[in-house]
Amino acid sequence: MQSQDPVLNEAAQRLGVAMRQTEDELTRNMLAATASFINCVSGVNGDSPTEITRPDINRVVRTLANNNAYTILGGIEGQDRFGTAPVRSAYFALASTQIMSDLDNVAGFINVAQYPSQQVLEAEWGAAGNLRFLVSSIGSVTPNASVNGSDVYNVFCVGREAYACIEQDQYSASFIYRPPILDTALALNCTVGYKMAEVPRILNDLWVINLRCTLGS
Amino acid sequence: MPTIQSGTFTGTGEDIYLQIRSDVDSIKVYNYTTASAAGGVGCEFTWVRGMAAGTGLVYSKTAAVNALELDNMTAGGFTLYDTSIPVVSNPVASTSSTNAVRPVVATASTAGLVTGSTVILSGIAAAPTICGIPFDIDTVVANTSFRVRWPLANAPGAVGGAGFYRNIVSGTNIFAPRRKFIADIASVGAETVVTTTTVHEYAVGEEVRLYIPSAANGMIEADNLQGTITAVDTVNNTFTLDIDSSSFTAFAWPAAADSPYTPAQCMAFGSVAAGNQTYLDDATRNEATVGIILGGGVGFPGGDAADVMYYVAEKSDLVTTE
């Protein structure tokens, strides 16, 4: 028999989201602090770095390829469907949702709606060249770090096995529920929480590049 | 059940950053030194969640008789902190910057700046290559100017006009050892000496990669080369790599015309000292902390220099705001 306590189930679901988001933020912060970067320089917004453009994407793809980084996803074959286009094999580019409109303006950008197949990741926004962009509201931002004092958006372009999250001592996370009888006097309150012990780590620093950009004007 | 953490520290006269992982809900601090001294000085301090940042309660011994008097602190008390959250000051206007290897930035306000502070300049049209890069500073002349601490390879090429600076307080890069911006690279014999724009924090034995993607920095031959640190100079903020750069193009700090460009960087990615270049000893340390700042000084919870302090902090089961 299993307890179907809806309150506890809801708490577990919310804590699960919180934990995975915390893992994402830690990995994001590790990459922001330790990965090498290339500034976007081909835009026209008058800042440094500039907004993201196709030549900047080509530059980072060329660098990853020169460093023998493997792409993460294979290509999507073209089909005879109106408005679609084939998608190249690609590295992942992990970005903030703030740059979505700039991505739409990149030459040759293919939004996920134009993929021949809709078997895509939920976070995916589209592809340009050999990069497929996954966006998140907690994408990396360095405040006020451009030449003009604007926020700089860090787009982590990664190849296969460029970094990893290493679990410590055989566990990455524990969900801990303490019923009222164990947790408080007179059994008034229960507690639910999680803990984890893991280390995000770049495995090959040549296979991850932070493509830094600002927002287009 | 509530979690209690207690401990002791010795005051320095400066603010004390007390790491309390459970995110403290209330804290009492006792000054063991002033508790037995003549009256008039705070000796017991209290803060409870809900009190404003920098405030708290203080029990002082009265000067006339050996009794305690309660008062509130409107400043210099307790403040929660979390160094994983970036804290960058609002932009402060600067009026000019000199064309020197250690540019001096003139400003009417140096509030919060001390030697060792890290600032980031912006909006200096004539000297864009000193903007957008974190610099440690020294020679802070109150409300007049400050100077870039670690020398650039060469002057940026132009006197800068009006712009802004921001004081980077915490949290922009919490994992260490961090990627650093390169201020200068010198070829010395068969080795290479690197100066970074902020304190590099690297150690002998660490493997470091140079990343110089732009020809604006010269020394393009060193791009992607990796070397082992053979020496560290903390006075001049340099480290020495076992890379023979004697035949390389000289390193240069870019001129205004080179902007936009990608600055030269370096990053530690392993450690020979650990016996394996990819040993999990580097670039994995999360140095962010959460806790509470105890204001320093006579009559404050951080205590004066050499004051012996004790504290008891707790995390509550339940915090309410009625």
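Those sequence lines, one after another, are chains A and B. Read in order, the letters of the first sequence correspond to residues 1055 to 1271 in this note's numbering. Read in order, the letters of the second sequence correspond to residues 40 to 361 in this note's numbering. We put the beta carbon where it would ideally sit given N, CA and C, even for glycine.
Inter-residue spacing [alpha-carbon to alpha-carbon] between residue i and residue j
i: A:L1127; j: A:A1144; result: 5 Å
i: B:F174; j: B:E83; result: 40 Å
i: B:E240; j: B:M306; result: 11 Å
i: B:A352; j: B:V97; result: 16 Å
i: A:V1209; j: A:T1076; result: 19 Å
i: A:K1249; j: A:A1227; result: 6 Å
i: A:I1092; j: B:I172; result: 14 Å
i: B:G81; j: B:S75; result: 11 Å
i: B:M90; j: B:I207; result: 26 Å
i: B:V153; j: A:S1271; result: 36 Å
i: B:I55; j: B:P130; result: 27 Å
i: B:A197; j: B:A114; result: 43 Å
i: B:A147; j: B:S184; result: 8 Å
i: A:V1095; j: A:M1154; result: 18 Å
i: B:D372; j: B:V247; result: Examination of residue 372 of chain B is not possible in this model, given that chain B is present from 40 through 361 alone.
i: A:R1272; j: B:I221; result: No answer is possible for residue 1272 of chain A: it lies beyond the span of chain A, which begins at 1055 and ends at 1271.
i: B:K100; j: A:T1238; result: 37 Å
i: B:T51; j: B:G336; result: 8 Å
i: B:V329; j: B:Q44; result: 14 Å
i: B:T359; j: A:A1072; result: 23 Å
i: A:Q1302; j: A:V1174; result: The question about residue 1302 of chain A has no answer, for chain A in this structure spans 1055 to 1271.
i: B:P299; j: B:G199; result: 17 Å
i: A:V1201; j: A:L1260; result: 26 Å
i: A:E1195; j: A:Q1224; result: The question names Glu, yet the displayed sequence has Val at residue 1195 of chain A. Each residue's alpha carbon lies about 32 Å from the other.
i: A:V1262; j: A:I1106; result: 17 Å
i: B:V274; j: A:L1157; result: 45 Å
i: A:V1160; j: A:R1108; result: 6 Å
CB contact below 9 Å: residue i versus chain B
i: A:I1256; result: yes
i: A:A1089; result: yes
i: A:N1202; result: yes
i: A:T1138; result: no
i: A:L1080; result: yes
i: A:S1150; result: no
i: A:P1197; result: yes
i: A:M1073; result: no
The alpha helix (DSSP H) enclosing residue i, as first and last residue numbers
i: A:P1234; result: P1234 to D1237
i: B:Y363; result: Within the shown structure, residues of chain B are numbered from 40 to 361, placing residue 363 of chain B beyond reach of any answer.
Residue-chain proximity (residue i, chain A), Cβ-Cβ < 9 Å
i: B:A150; result: no
i: B:F214; result: yes
i: B:G116; result: no
i: B:M306; result: yes
i: B:N182; result: no
i: B:S133; result: no
i: B:D356; result: yes
i: B:N70; result: no
i: B:I268; result: no
i: B:N275; result: no
i: B:Y120; result: no
Cross-strand partners of residue i (DSSP beta bridge)
i: B:Q265; result: B:R248
i: A:P1254; result: A:C1219
i: B:D175; result: B:T157
i: B:Y120; result: B:G330
i: B:Q44; result: B:A352
i: B:N129; result: Paired residue(s): none; B:N129 is not in a bridge.
i: A:Y1248; result: A:F1229
i: B:V271; result: B:F278
i: B:T146; result: B:S133
i: B:S325; result: Checking the sequence, you will find Asn at residue 325 of chain B rather than Ser. Note: B:N325 sits in a beta bridge opposite B:F214.
Limits of the beta strand (DSSP E) - the one that residue i falls within
i: B:A222; result: K219 to V227
i: B:Y98; result: T94 to K100
i: B:A165; result: B:A165 -> no beta strand (DSSP E), and no H or E assigned at all.
i: B:E53; result: Neither: B:E53 is in no beta strand (DSSP E) and is coded neither H nor E.
i: B:Y349; result: V347 to K354
i: A:F1210; result: V1206 to V1212
i: B:Q424; result: Lying outside 40 to 361, the shown extent of chain B, residue 424 of chain B is not represented and no answer is given.
i: A:I1263; result: V1262 to C1267
i: A:A1181; result: E1178 to A1182
i: B:G257; result: No beta strand (DSSP E) contains B:G257, which DSSP labels as neither H nor E.
i: A:L1185; result: L1185 to S1190
i: B:W86; result: G81 to V87
i: B:E230; result: E230 to T235
i: B:I169; result: Here B:I169 belongs to no beta strand (DSSP E), and DSSP marks it neither H nor E.
i: B:Y204; result: G202 to S209
i: B:V187; result: S184 to V187
Under 8 Å by beta carbon: chain C residues contacting residue i
i: A:N1093; result: Protein chains in the displayed structure are A and B, and chain C is not among them.
Any non-hydrogen atom of the ligand FAD closer than 8 Å to residue i Cβ
i: A:S1191; result: Absence of the ligand FAD from the depicted structure is noted, as is the absence of any ligand whatsoever, leaving it without description.
In chain order, which beta strand (DSSP E) runs of at least 3 residues are fully inside the stretch 1071 to 1159 of chain A?
1091 to 1093 and 1145 to 1150
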